[in-house]
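Report on one structure; see the data block that follows.
Residue numbers (my numbering): 2 to 288.
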């Protein structure tokens, strides 16, 4: 999980814009995942469930949009602010789940939602100088969209019960690669240097290939309360690195917003029916 927290720092060093980066990320990840899936013998044990494959392909669209919007936010915002807003995804998942499954929202998670909502407003920099144009150009909207699509992604992934996590992710990244071909500026790859390609390989093979394989291979063996706690490791690493490496210094208002956002998420993840948290191995946030 700590490795996921470094994505926001690696992405700018690739020299690619969001769509081009997600395209090449999907390409390298697909190569790695199909190799692991096939040569490890998992392919022979795979359950090719029609419903699961359909849901996996649909969730692949959501995952690609999630990645594109997340990387777009990195282009315009500090990693700290982007990640803090992005991690509203569990809150969105909780609200969507309550709406879809008609579950009653009790006091503690309701306080969590309110805390996260107020925190996100403080993080967004909404003040007396607020304008729509300023908001749209700030990158905040991209981080919000990334969180929203990840919330939908986790809802869809709940329905995937037979197909393995490796094959599911392989379907998602392969579909992402194919869908993005018409939108990629292939000329942007011609001007990349060795350092750029090194960071592209890190995002493709390490962040998406190796880490996803380890992540999905082990998360199902962890208790749900431990998974909930690990949710905070990714943003914690990202925020520490942003402060230490890039020297980002949030304003007092933003610091309050960060604390309120994560306190709200904690109230939902840690105190609201722990047994229901991350029952499916695909539900955990992985960016």
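Heads up, the beta-carbon is just placed ideally off N, CA and C, and yes, glycines get one too.
Remember, it's a predicted structure, so these values are computed and weren't measured experimentally.
As assigned by DSSP and simplified to three states, the class of residue i
i	result
residue 76	helix
residue 192	coil
residue 281	Any reading at residue 281 is ruled out, since the residue's pLDDT is 48, under 50, leaving its predicted position unreliable.
residue 163	coil
residue 17	coil
residue 48	coil
residue 88	coil
residue 246	coil
residue 185	coil
residue 151	helix
residue 288	coil
residue 99	helix
residue 169	helix
residue 125	helix
residue 139	coil
residue 83	helix
residue 251	coil
residue 41	coil
residue 106	coil
C-beta atoms of residue i and residue j nearer than 7 Å
i	j	result
residue 164	residue 53	yes
residue 144	residue 74	yes
residue 251	residue 84	no
residue 181	residue 72	no
residue 200	residue 14	yes
residue 106	residue 117	no
residue 67	residue 150	yes
Exposure label - residue i; buried when at least 16 CB within 10 Å
i	result
residue 354	Examination of residue 354 is not possible in this model, given that the chain is present from 2 through 288 alone.
residue 194	exposed
residue 208	buried
residue 17	buried
residue 29	buried
residue 88	buried
residue 81	buried
residue 36	exposed
residue 109	exposed
residue 241	exposed
residue 95	buried
residue 42	exposed
residue 282	Confidence at residue 282 is low in this model, with a pLDDT of 47, below 50, so its placement is unreliable and no value can be given for it.
Residue i versus residue j - alpha carbon distance
i	j	result
residue 171	residue 31	6 Å
residue 45	residue 168	12 Å
residue 58	residue 50	12 Å
residue 91	residue 114	10 Å
residue 152	residue 61	13 Å
residue 204	residue 198	10 Å
residue 104	residue 148	21 Å
residue 157	residue 56	7 Å
residue 277	residue 79	Residue placement at residue 277 is flagged as unreliable, the pLDDT there being 46, under the threshold of 50; the coordinate-derived value follows with that caveat. Going from the Cα of residue 277 to the Cα of residue 79 covers about 33 Å.
residue 122	residue 260	12 Å
residue 69	residue 20	6 Å
residue 243	residue 202	22 Å
residue 65	residue 111	30 Å
residue 275	residue 196	Residue placement at residue 275 is flagged as unreliable, the pLDDT there being 46, under the threshold of 50; a coordinate-derived value is accordingly withheld.
residue 166	residue 102	24 Å
residue 142	residue 77	10 Å
residue 257	residue 239	17 Å
residue 39	residue 254	50 Å
residue 234	residue 161	26 Å
Whole-angstrom C-beta distance between residue j and residue i, which should lie under 8 Å
i	j	result
residue 120	residue 265	6 Å
residue 212	residue 4	5 Å
residue 10	residue 206	Contact flag wrong, Cβ pair sits at about 17 Å.
residue 124	residue 7	That pair is no contact at about 21 Å.
residue 63	residue 154	4 Å
residue 27	residue 178	4 Å
Residue i Cβ short of 6 Å to the ligand MN heavy atom set
i	result
residue 119	This structure simply doesn't include the ligand MN, nor any ligand for that matter.
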